[in-house]
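Asks: Just so you know, the UniProt record's numbering puts 170 at position 170 of the sequence shown, and the rest follows in order with no gaps. Note that the Cβ used here is the ideal one computed from N, Cα and C, for glycine as well. Before anything else, here's the structure in question.
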Amino acid sequence: MYRILIVDDMLVNRKLMKKVLKDSIDNVCFFDAEDGFQATEVLEKDEIDLVILDLMMPGKDGYEVLEEMKEHPSYVDIPVIVNSAVTDMESIKRTLEMGAMDYFTKPITPEQMKVIIPLKASNALKFYEQKKDLKEMNKRMKNELKIASLLQGALFRSKENQNKVKLYQKYLACDELGGDLFDYVENENHSWFMIADITGHGVAASMVASMLKVVFNHAILNNEQPKDVLEEINITFYNLMEENTNLCFSVFVGKLEGDTVTYSNAGHPYPLLIKKRKEEWEFLAANGYLIGLFHDTKYDNHAITLLPGEGILNYTDGLFEDPKNPEESKSHTSVLKHAELLEGIALKNPDNFLEQLMTSFRKTNKSQLDDDIAIMYLVRK
């Protein structure tokens with residue numbers, strides 16, 4: 001049932017408008033107001049779908065009603081069609097700028113009664129109905145995204161009481177859902193770690209990240225070497241996304257066993273090995289194709305020594321990239337430069353180190369982000 005409020009100080013005008021609309025619009029009921037005060041009372045008590053508004057009325061005029069409606073959160077979206085004897089262009093321009101959807105003048109001609117007014121009213125009602133549906137849909141989507149965000153947060157939940165490393169992590173998504181992921185899995189004799197950056201962000205990237213966590217945990221059970229883990233991840237996602245080659249992503253996989261870290265890389269920014277002596281800091285350099293590009297991609301293993309008290313800083317490119325300032329475009333090498341300035345706390349106070357690192361890149365809240373940021377910092381016990 002459509003609810004139309006007709007605001008006019010002349011009873012005959014209200015009756016005429018009802019007749020015009022009743023003959024052309026099905027399933028409609030009408031509300032009357034002879035001035036702006038009564039119009040406000042109706043809006044407060046009833047759900048109105050359309051207002052036909054006169055401008056020149058005693059007490060509170062149509063301009064005041066329109067202004068109040070467009071400033072009130074409950075009425076701002078209700079379409080308003082002005083029906084007035086005022087014909088100067090300045091008044092018409094003013095009401096349209098204030099938010100009126102349309103304007104027609106009195107007296108009503110036979111052509112207006114038969115065609116123009118019914119069409120304008122019908123279009124306004126359909127527009128408002130669609131807008132309400134979109135708002136409701138948007139509300140549901142936001143609620144679902146909140147739930148999805150909570151579930152995704154479980155992927156990054158801190159893991160305490162690790163036997164081999166102290167684990168520190170940061171995650172900041174630029175949307176409700178992000179496309180970055182890290183994971184750490186510890187077994188009796190060794191441990192695995194992984195960091196990934198899914199193309200884009202949002203629902204699709206989040207779903208891929210969730211799947212990747214499952215695939216990674218399955219792959220480390222079946223393979224001894226990081227390169228083999230990457231190859232299993234690659235073939236799995238290539239088969240899943242064969243018809244969507246735009247969705248690819250980078251992954252870095254490492255395995256800690258004793259003093260040795262073996263690692264393999266699928267297009268991910270190089271993690272930084274942080275030793276006790278700054279002069280010995282280095283990148284875990286390795287190259288490889290992104291996951292999902294080719295069916296038969298092969299990856300290589302590399303190895304470094306990680307002694308107790310030393311760390312590996314894993315991160316995604318959202319940390320150092322700044323699309324808003326391409327002339328200041330940075331690479332993973334800038335991470336080393338920023339980290340070296342924080343040498344004194346890198347191993348002594350890892351939590352503060354990560355906070356200061358993000359601050360130095362001016363990446364501390366969502367308003368500063370164009371991409372997700374994930375950081376996983378492992379310090380060997």
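1. Considering only residues of the same chain and omitting the five flanking positions on each side of THR87, which have a CB-CB separation below 8 Å?
2. Please report the residue range of the alpha helix (DSSP H) in which ASN314 lies.
3. Closer than 8 Å, CB to CB, is GLN112 near chain C or not?
4. Which residues in the same chain have their Cβ closer than 8 Å to the Cβ of LEU306, if we skip the five residues on either side of it in sequence?
5. DSSP on GLU257, reduced to helix/strand/coil?
6. Contact between the stretch 179-198 and the stretch 206-224 is defined here as three or more beta-carbon pairs at a separation below 8 Å; is this criterion met?
7. By the DSSP assignment, the alpha helix (DSSP H) with HIS338 in it spans what residues?
8. Run through the DSSP bridge pairs and tell me what MET211 is partnered with.
9. Starting from THR305, trace the beta strand (DSSP E) in both directions and tell me its first and last residue.
10. State the Cα-Cα distance for the pair HIS338 and ASP49, rounded to the nearest angstrom.
11. For LEU319, count neighbouring C-beta atoms within 10 Å of its own C-beta (all shown protein chains included) and say buried if the count is 16 or more, exposed if not.
12. If you run the structure through DSSP and keep just helix, strand and coil, what is LYS15?
13. Excluding the 5 residues flanking LEU230 on each side, which residues of the same chain have their C-beta closer than 6 Å to its C-beta?
14. Within 10 Å of its beta-carbon, does LYS120 have 16 or more other beta-carbons around it, so buried, or fewer, so exposed?
15. Of the residues HIS72, LEU43, ALA39, ASP370, which one's Cα is nearest the Cα of MET57?
16. When the Cα of GLU41 is compared with those of LEU16, MET69, LYS15, ASP23, which residue comes out closest?
17. Might you give, ordered along the chain, the residues of its own chain that have their beta carbon closer than 8 Å to the beta carbon of LYS15, omitting 5 neighbours on each side?
18. Alpha carbon to alpha carbon, what distance is there between ASN365 and CYS174?
19. For the candidate residues PHE353, ALA196, GLY36, LEU167, whose alpha-carbon lies nearest to that of residue 385?
20. What's the gap between the Cα of VAL214 and the Cα of LYS330?
21. Measuring straight from C-alpha to C-alpha, what distance separates LEU53 and GLU34?
22. Smallest Cα separation from PRO269: which of ILE6, GLU129, ASP183, HIS332?
23. Following a CB-centred definition, is GLN162 positioned closer than 7 Å to any heavy atom of the ligand ATP?
24. The alpha helix (DSSP H) spanning PHE353 covers which residue range?
25. Can you tell me whether ILE220 is helix, strand or coil according to DSSP?
26. What does DSSP give as the partner residues of LEU378 in its beta bridges?
27. Going straight from the alpha carbon of LEU5 to that of SER74, what length do you get?
28. List in chain order: all unbroken alpha helix (DSSP H) runs of 4+ residues lying wholly within the stretch 31-70.
29. If we call anything under 8 Å between Cβ atoms a contact, is GLY59 one with VAL82?
30. Tell me the rounded alpha-carbon separation between MET113 and ASP32.
Replies: Reading it off the structure:
1. Spatial neighbours of THR87 in its own chain (CB-CB distance under 8 Å, excluding positions within 5 residues in sequence) are listed in chain order as THR105.
2. Not the alpha helix (DSSP H): ASN314 falls in the beta strand (DSSP E), residues 311-315.
3. This model lacks chain C altogether, as it is built from one protein chain only.
4. Taken in chain order, the residues that qualify are LEU256, ASP259, THR260, VAL261, LEU273, ILE312, ARG380.
5. Strand, per DSSP.
6. Enough Cβ pairs lie closer than 8 Å, so yes.
7. Residue range 333-340 is occupied by the alpha helix (DSSP H) that includes HIS338.
8. Answer by DSSP bridge pairing: none, since MET211 is not bridged.
9. Segment 302-305, the beta strand (DSSP E) holding THR305.
10. Looking at the two C-alpha atoms, the distance is approximately 58 Å.
11. Label assigned to LEU319: buried.
12. It is helical.
13. VAL253, SER264, ALA266, TYR299, listed in sequence order.
14. LYS120 comes out buried.
15. Among HIS72, LEU43, ALA39, ASP370, the Cα nearest to that of MET57 belongs to ALA39.
16. Considering only alpha carbons, the answer is MET69.
17. Closer than 8 Å at the Cβ level, and outside the excluded window around LYS15, lies no residue.
18. Between CYS174 and ASN365, the C-alpha separation is close to 8 Å.
19. Lying outside 1 to 381, the shown extent of the chain, residue 385 is not represented and no answer is given.
20. Going by the C-alpha atoms only, they are around 32 Å apart.
21. So the alpha carbons of these two residues sit roughly 10 Å apart.
22. Between PRO269 and the set ILE6, GLU129, ASP183, HIS332, the nearest pair of CA atoms involves HIS332.
23. You won't find the ligand ATP in this model; it holds no ligand whatsoever.
24. Unbroken alpha helix (DSSP H) run through PHE353: 350-360.
25. Correct three-state label for ILE220: helix.
26. DSSP output for LEU378 lists LEU167, ILE312 as bridge partner(s).
27. Rounded to the nearest whole angstrom, the CA to CA distance from LEU5 to SER74 is 15 Å.
28. Here the runs fully enclosed are 36-45.
29. Not closer than 8 Å, so no.
30. A straight-line Cα-Cα distance of about 19 Å links MET113 and ASP32.
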